[in-house]
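A.B. asks: Quick note on numbering: the sequence shown equals residues 315 to 481 in my numbering. Handing you a structure now.
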Amino acid sequence: MKIPLFRGAMVAICVALGAPVALAHDYQVGAIRIDHPWARPTVAGQMTGGGYLQLENRGKTADRLVSVSSTAAERVELHTMKLDGDVMRMRQLDAIELPPGGSVELRPGGDHLMLVGLKAPLELGKSIPLKLTFERAGDVMVEVKVEKAPASTAAAPAAEHADHHKH
Ligand SMILES: [Cu+2]
């Protein structure tokens with residue numbers, strides 16, 4: 315009787331310890347914190363995909379995200395969404411400004427990363443590497459998790475993705 319009881323307790327402990335580890339997904343380079351890089355899954359033949367993350371400048375000096383690249387795509391562009399009449403259009407940005415103490419969220423329907431020329435579909439549950447280059451803080455490698463949009467953004471315009479096909 316003692317052994318099965320012991321096993322049950324161990325399983326409970328492992329499950330409890332596993333949860334926070336799965337949620338921790340942030341990076342730091344210099345004064346810049348990068349939180350939860352993720353991308354939506356793509357289907358076969360889809361050449362572009364949206365990437366999202368949160369950036370926080372904890373320093374006292376302005377910084378900028380000036381370039382992004384990934385071995386999973388030919389190039390990665392910085393995009394913003396602008397309302398043109400009543401149509402949302404994407405425009406490429408040279409950089410994403412990070413004022414001191416400021417934070418910026420790249421999210422569906424807003425500013426985002428666009429992976430152009432995907433070498434393989436982005437598969438749910440997998441990760442891809444991403445290199446972020448900040449003007450002051452320098453380079454950092456992060457893992458982008460391929461996952462479904464969080465509930466808070468799930469209703470955000472799918473139009474953004476429809477537009478991606480036209481690039
Ligand atoms: Cu885009």
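For each residue, glycine too, the CB sits at the ideal point set by N, CA and C.
Consult DSSP for M455 and reduce its assignment to one of helix, strand or coil.
C.D. replies: Reading the sequence shown from its first residue, position 141 is the one you call residue 455. M455 falls in the strand class under three-state DSSP.
A.B. asks: Which residue marks the beginning of the beta strand (DSSP E) containing P435, and which one marks its end?
C.D. replies: Along the sequence shown, read from residue 1 onward, the residue named residue 435 stands at position 121. Here P435 belongs to no beta strand (DSSP E), and DSSP marks it neither H nor E.
A.B. asks: Taking the alpha-carbon positions, what's the Y366 to D400 distance?
C.D. replies: One-based indexing of the sequence shown puts residue 366 at position 52. One-based indexing of the sequence shown puts residue 400 at position 86. If I take the Cα positions, the gap works out to 24 Å.
A.B. asks: Compare the Cα-Cα distances from P483 to each of E457, P351, R347 and D377 and report the closest residue.
C.D. replies: Outside the modelled stretch of the chain, which goes from 315 to 481, sits residue 483, for which no answer is possible.
A.B. asks: Whose C-beta lies closer than 6 Å to the C-beta of E370 among residues of the same chain, with five residues either side of it excluded?
C.D. replies: Position 56 of the sequence shown, counted from the first residue, corresponds to residue 370. Within the same chain, E370 has close Cβ partners R347 and S417.
A.B. asks: Can you tell me whether H350 sits near ligand 1, meaning its C-beta is under 6 Å from at least one heavy atom of the ligand?
C.D. replies: The residue given as residue 350 occupies position 36 in the sequence shown. H350 Cβ: outside cutoff for every heavy atom of ligand 1.
A.B. asks: Measure the Cβ-Cβ separation of D377 and L412 and say whether it is below 7 Å.
C.D. replies: Position 63 of the sequence shown, counting from 1, holds the residue named residue 377. Position 98 of the sequence shown, counting from 1, holds the residue named residue 412. Yes, the Cβ-Cβ distance between D377 and L412 is below 7 Å.
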